[in-house]
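Working notes for the structure below.
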Amino acid sequence: MTNRTFAIIKPDAVKNNYVGKIYNHILDKGFKILSAKLIKMSKYQAEQFYFIHKDKPFYEELTNFMSSGRCMVLALQKENAVEYWREVIGATNPNEAEDGTIRKLYANSLGENAVHGSDSSENAVKEISFFFTESELI
Ligand code: IDP
Ligand code: MG
Numbered sequence: 334m335t336n337r338t339f340a341i342i343k344p345d346a347v348k349n350n351y352v353g354k355i356y357n358h359i360l361d362k363g364f365k366i367l368s369a370k371l372i373k374m375s376k377y378q379a380e381q382f383y384f385i386h387k388d389k390p391f392y393e394e395l396t397n398f399m400s401s402g403r404c405m406v407l408a409l410q411k412e413n414a415v416e417y418w419r420e421v422i423g424a425t426n427p428n429e430a431e432d433g434t435i436r437k438l439y440a441n442s443l444g445e446n447a448v449h450g451s452d453s454s455e456n457a458v459k460e461i462s463f464f465f466t467e468s469e470l471i
């Protein structure tokens, strides 16, 4: 479904108590939250989720970080959800992110960058179904 995207409030942002602020940011930007849950990924889950990056030098660091603490996974809905959410979160490196973006506001570093966003509608569908059953998407 092209109007859905998948987001994660990553362990750094949960630890820093930014869940509420980021939740409000999501709602202020006009997204409908179809579902959200607080989870702690296993290392294996993180490895599967980021399998596309398995050959990157940062894969180990990334999967360790993503399984290091609680994160919030969310299924979001809005017109052009994938593109718009990428705009709202900003560049991967918070130092390069535009003012007012979530990563500019709440991220510390390239690795620990507060949030995830799907990069295509096809991946959004896969990522949503990785964490949610259809009956949870209400
Ligand atoms: P994206 O999250 O903006 O789509 P990707 O290139 O898909 O960025 O990378 C996935 C995640 O891997 C990033 O959000 C970040 O947490 C981490 N990452 C990307 N590049 C690096 C790096 O050079 N060093 C450490 N971590 C990185
Ligand atoms: Mg990506």
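For the sequence shown, the positions run 334 to 471 when the numbering used here is used. Each residue gets a CB set at the ideal place from its N, CA and C atoms; glycine is no exception.
Pair within 8 Å by beta-carbon distance, residue i and residue j
i: residue 400; j: residue 375; result: yes
i: residue 464; j: residue 411; result: no
i: residue 335; j: residue 418; result: no
i: residue 415; j: residue 453; result: yes
i: residue 340; j: residue 407; result: yes
i: residue 342; j: residue 404; result: yes
heavy atom of ligand 2 below 7 Å from residue i C-beta
i: residue 452; result: yes
Near ligand 1: residue i beta-carbon under 7 Å from a heavy atom
i: residue 396; result: no
i: residue 434; result: no
i: residue 402; result: no
i: residue 446; result: yes
i: residue 547; result: Nothing in the structure corresponds to residue 547, since the chain is present only between 334 and 471.
i: residue 443; result: yes
i: residue 358; result: no
i: residue 466; result: no
Beta-carbon contacts of residue i that lie in its chain and below 7 Å, excluding the five residues immediately before and after
i: residue 425; result: 443, 446
i: residue 422; result: 434, 435, 436, 448, 450
i: residue 467; result: none
Same chain, Cβ closer than 6 Å to residue i, five either side skipped, listed in chain order
i: residue 430; result: 423, 424, 436, 437
i: residue 457; result: 337, 338, 339, 415, 451
i: residue 455; result: none
i: residue 379; result: 396, 399, 400
Cut-off 8 Å between Cβ atoms - residues of its own chain near residue i, not counting five sequence neighbours on either side
i: residue 409; result: 337, 338, 339, 340, 359, 364, 365, 366, 367, 418
Touch test, the segment 339 to 359 against the segment 428 to 446, Cβ-Cβ under 8 Å, three pairs minimum: yes
Cβ contact (3+ pairs, closer than 8 Å) linking the segment 371 to 385 and the segment 424 to 441: no
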